[in-house]
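Protein sequence lines, in the order shown, are assigned to chains A and B.
Residue 12 in my numbering sits at position 12 of the first sequence, and the numbers go up by one each step.
Every number in my numbering is 149 more than the matching position in the second sequence, counting from 1.
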Amino acid sequence: MSSPPLIAGFPAIAAALLIGTAAGVGGYTFLYAKGDSYLTDDPRACANCHVMQTHYDGWSRGPHHAVATCNDCHTPSNPAAKYFVKALNGYSHSTAFTSGNYPDVIRIKDRSRRIVEGQCRHCHEDMVAAMGGEGVDCTSCHASVGHLE
Amino acid sequence: MSIGSSPSGQVRRGGYLVGIAVVAALAVAGLAAFLVNINERKQEARNPVVRVVEITDETTDPAVWGKNFPVEYDLYKKTVDQVRTKYGGSEALPHEPTQADPRRTVSQSKIEEDPRLKTMWAGYAFAKDFREERGHAYMLDDQTYTERQVVVKQPGTCMHCHGSVYVPYKKLGNGDLTKGFEMMNQMSYSEARKIVEHPVSCIDCHDPKTMALRVTRPGFLEGIKALKASQGVQDYDPNVSATRQEMRAFVCGQCHVEYYFKGPEKRLVYPWAKGLKVDDMLAYYDEVGFKDWVHKETGAPVLKAQHPEFEMWSQGVHARSGVSCADCHMPYMRVGGQKVSDHQVRSPVLNLNRACQQCHRWPETELKARIEQIQDRFFSLRNQAMDALVALIVDLKAAREAGKSDKELETARYLQRRAQFMLDFVEAENSTGFHAPQEATRILGESINFSRQGQLALLNPSFKPTVPVVAIATAPAAPPPGASPAAPAAQAPAKN
């Protein structure tokens with residue numbers, strides 16, 4: 001019985017090379033785009049994309065900069081929900097920023113607005129419990145607490 | 150012999166490998182494209198400016214400025230676009246080019262759309278030809294070829310706003326801007342047209358070295374000086390004292406204003422010595438005894454108002470809140486990673502996200518509905534004011550033909566002057582009331598009141614109007630109807 005050839009056939013080599021290349025380019029892209037930063041809560045990660053620079057600047061001068069990061073307001077506190085929302089938003093942001101197809105004055109999506117509203121109440125529950133406050137967003141009146149440009 | 154090394158097994162394994170290779174190749178290609186895109190976005194964030202050509206205080210041609218500022222230049226060129234909005238914008242209508250008028254498109258005729266305007270302007274060039282205003286790119290051609298140039302020999306003063314005159318003025322005046330301005334005022338329009346090449350250009354608003362905004366128009370410089378003097382500030386120079394945000398309105402206020410031609414030297418003057426409100430301007434005109442023309446049908450000494458956007462804006466809540474012209478009409482936009490002012494000056498209704506939503510964070514449909522509600526209300530009242538004015542003109546004409554004397558008609562004629570100027574003021578203003586809705590409707594209300602008071606005065610000689618009647622000379626006396634009408638050139642000096 002002959003042993004299998006030590007040097008594999010051309011298709012196998014090509015496949016291996018290409019898979020390796022894919023893995024390499026993919027890994028490089030991940031690092032070049034700072035993909036690992038999105039797993040953290042560091043606000044600087046959100047400003048990787050230049051369109052967010054003014055929002056980052058506004059937040060860093062705003063009243064919440066010492067007590068809340070981007071994720072504290074824009075993702076739910078529950079860890080499972082948080083990473084799900086991060087993934088969902090990440091996908092939306094990537095497609096929008098890659099294609100350039102978004103308005104100059106960014107408009108928040110309804111689902112994101114509801115998350116922000118929930119997060120306001122999550123921290124400020126004691127204060128708003130007595131208000132009830134259904135049907136109006138906290139940010140309708142308190143527009144400057146986050147990141148006013 | 151194992152299955153894997155059988156001939157059919159080897160073909161199958163070869164097939165899988167080819168499949169994997171193809172998929173991997175596509176994945177690599179897609180990843181490479183993605184990587185390149187990310188790199189592009191990072192490059193955009195860097196925003197370099199390259200000085201390709203030198204720009205001096207003599208560089209009128211916007212194409213030369215465009216070599217250093219291609220984004221702004223491209224946007225500036227887009228003012229050729231003609232899009233209608235409910236009450237604004239313009240329609241591009243085909244025009245058969247002639248020797249006298251080589252334009253291939255024109256915008257719609259306003260006096261055909263609303264013939265009451267012809268009655269309002271009877272005896273004046275505007276009754277002959279008046280079209281909807283369109284983008285900045287057309288300002289020079291539309292002024293050159295309007296029929297208002299045919300029926301009246303217009304002066305070079307008109308060029309102050311409709312062409313890039315900064316460099317021509319300086320050349321005429323040997324470096325003295327005001328001297329050049331005075332010289333061009335006294336030229337005929339056709340002579341002045343020969344030394345002006347471009348519509349409003351970069352140099353008319355920007356300092357060529359620093360790109361800072363600056364005022365170049367003597368009309369505005371003198372007008373704002375007179376206005377500030379009336380407020381107790383002497384020798385005001387906007388190029389020294391204005392804030393950056395004020396400049397973002399002043400550069401537009403160089404031209405989007407009410408004006409008149411003073412005296413035989415046809416000096417362009419903005420009537421702001423008593424203030425920016427329409428009542429202040431009426432008081433000014435009454436004091437200096439100015440009229441634009443004698444109304445052909447009524448013999449009244451009447452005034453023509455031209456596009457007072459700057460003055461109307463100054464009365465509204467946006468001005469009060471520090472919002473300038475550029476904030477809505479040249480809002481910031483993103484081109485790649487660059488933040489630039491949108492140099493395609495046009496209706497903000499066509500650009501709601503950038504022009505409005507930065508501050509008014511409501512859906513576009515809601516904003517548009519609100520804008521239209523404001524304009525609908527204005528327009529409805531404007532129609533009533535038009536009808537009231539026409540009714541007064543008809544009655545005045547009848548009274549004149551019945552042989553009433555100038556003394557008997559004086560009150561009604563003065564009321565027509567007031568009613569007509571106020572109506573024309575907001576009619577000629579291009580926001581359909583939006584710049585200052587409450588002030589605009591106040592003005593229309595008063596205009597209607599004056600028109601009806603005029604009719605009352607004709608019916609009842611002892612009627613006392615709510616304003617004192619000011620006698621304005623109408624020499625030479627307008628010929629009574631039936632005599633051959635005086636040629637237009639013999640009338641009081643007309644503006645375009």
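The beta carbon of each residue, even a glycine, is placed where N, CA and C say it ideally should be.
| query | result |
| --- | --- |
| Using alpha carbons as the reference points, say which of B:E340, B:R393, B:E282, B:R483 lies closest to B:K646. | Outside the shown range of chain B (150 to 645) lies residue 646 of chain B, about which nothing can therefore be said. |
| Indicate the three-state DSSP secondary structure (helix, strand or coil) for B:W270 in the structure shown. | coil |
| Which residues in the same chain have their Cβ closer than 8 Å to the Cβ of A:A96, if we skip the five residues on either side of it in sequence? | Y102 |
| Strictly under 9 Å for the Cβ-Cβ distance: is A:P103 near chain B by that measure? | yes |
| Relative to chain B, which residues along the region 17-33 of chain A have a C-beta separation below 8 Å, given in chain order? | L18, I19, T21, A22, V25, G26, Y28, T29, Y32, A33 |
| Roughly how many angstroms lie between the CA atoms of A:L148 and B:N323, to the nearest whole one? | 50 Å |
| Please decide whether B:R397 counts as near chain A, where near means a Cβ-Cβ distance under 9 Å. | no |
| Using the three-state DSSP reduction, which class does B:R416 fall into: helix, strand or coil? | strand |
| Does B:S157 have its Cβ less than 9 Å from a Cβ in chain A? | no |
| Among B:M269, B:A274, B:H285, B:R195, which one has its Cα closest to the Cα of B:T228? | B:H285 |
| Just to confirm, are B:T590 and B:G582 a CB contact at a threshold of 9 Å? | yes |
| Could you tell me whether any Cβ in chain B is nearer than 9 Å to the Cβ of A:V116? | no |
| Under 8 Å by Cβ, that's how I've got A:H64 and A:V116 pegged, so tell me the actual separation to the nearest angstrom. | With a Cβ gap of about 12 Å, A:H64 and A:V116 do not count as contacting. |
| From B:P243 to B:W270, what distance separates their C-alpha atoms? | 26 Å |
| Could you tell me if B:W214 is buried or exposed, where buried requires 16 or more neighbouring beta carbons within 10 angstroms of its beta carbon? | buried |
| If you draw a straight line from the alpha carbon of B:K517 to that of B:Q506, how long is it in whole angstroms? | 11 Å |
| Starting from the C-beta of B:D325, find all residues in its chain whose C-beta is less than 8 Å away, skip the five residues before and the five after it, and write them out in chain order. | K319 |
| For A:F30, report the span of its alpha helix (DSSP H) as first-last. | 10-32 |
| DSSP state of B:H355, grouped into three classes? | strand |
| Out of B:I204, B:D230, B:T560, state which residue places its alpha-carbon closest to the alpha-carbon of B:S611. | B:T560 |
| So, using beta-carbon positions, are B:Y419 and B:G465 closer together than 9 Å? | no |
| Quick check: what's the CA-CA separation for A:V25 versus B:A398? | 52 Å |
| Identify every residue that forms a DSSP beta bridge with B:L362. | B:H355 |
| Residues of chain A with a CB under 7 Å from the CB of B:L166: which are they? | P11, A12, A15 |
| Any beta carbon of chain A sitting closer than 9 Å to that of B:R190? | yes |
| For B:A638 and B:R416, what's the separation of their Cα atoms in angstroms? | Any reading at B:A638 must be qualified, since the residue scores a pLDDT of 42, below 50, and its modelled position is unreliable; no value is offered. |
| Assuming B:V494 contacts B:M482 under a Cβ cut-off of 8 Å, what Cβ separation, rounded to an integer in Å, is found between them? | That pair is no contact at about 13 Å. |
| Would you be able to state if there are at least three C-beta pairs under 8 Å between the region 208-222 of chain B and the region 250-261 of chain B? | no |
| What's the gap between the Cα of B:K267 and the Cα of B:K277? | 8 Å |
| Classify B:G284 as helix, strand or coil using the three-state DSSP reduction. | coil |
| Are the Cβ atoms of B:S600 and B:A540 separated by less than 9 Å? | yes |
| Answer yes or no: does any C-beta atom of chain A fall closer than 9 Å to that of B:N186? | yes |
| Per DSSP, B:Q254 is paired with what? | Reading off the sequence shown, one finds Thr at residue 254 of chain B, where the question assumed Gln. Paired residue(s): B:P243. |
| Do B:G237 and B:C310 have their C-beta atoms within less than 9 Å of each other? | no |
| So which of B:N579, B:T306, B:K226 has the shortest CA-CA distance to B:F528? | B:N579 |
| How many Å lie between B:G402 and B:A454 at the Cα? | 15 Å |
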